[in-house]
């Protein structure tokens, strides 16, 4: 998935390794956080329609990019 580095909607995987119990992923810093954190901080609840459309669009762009690369 190294090709995904050129897409602003996909966080870059820098390094991955594992031990006997776990897998570890070193990812680029996401300064705005991830969608889960945004959902937790959201007030008022629920999201406005405009905000839902915005985040759905970002997800659609990322999935479209991955699909175009056959991931």
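Residue numbers (this note's numbering): 22 to 92.
Where a beta carbon is used, it is the ideal one built from N, C-alpha and C, also for glycine.
Cutoff 7 Å; reference residue 46; Cβ partners in own chain excluding five residues on either side: If the five residues before and after residue 46 are omitted, its C-beta is found closer than 7 Å to the C-beta atoms of 34 and 37, all from its own chain and listed in chain order.
Could you name the residues of the same chain whose beta carbon sits closer than 7 Å to that of residue 70, not counting the 5 residues immediately before and after it, in chain order? Within the same chain, and ignoring the five residues on either side of residue 70 in sequence, no residue has its Cβ closer than 7 Å to its Cβ.
Identify the continuous alpha helix (DSSP H) that holds residue 59 and give its terminal residues. It spans 56-62 - the alpha helix (DSSP H) in which residue 59 sits, taken as one unbroken run.
Rounded straight-line distance, which links the Cα of residue 87 to that of residue 67: If you take the alpha carbons of residue 67 and residue 87, they lie about 29 Å apart.
Taking Cβ to Cβ, would you say residue 48 is nearer than 7 Å to residue 32? Yes, the pair counts as a contact, with Cβ atoms nearer than the cut-off.
According to the Cβ coordinates, are residue 77 and residue 30 closer than 7 Å? Contact: no.
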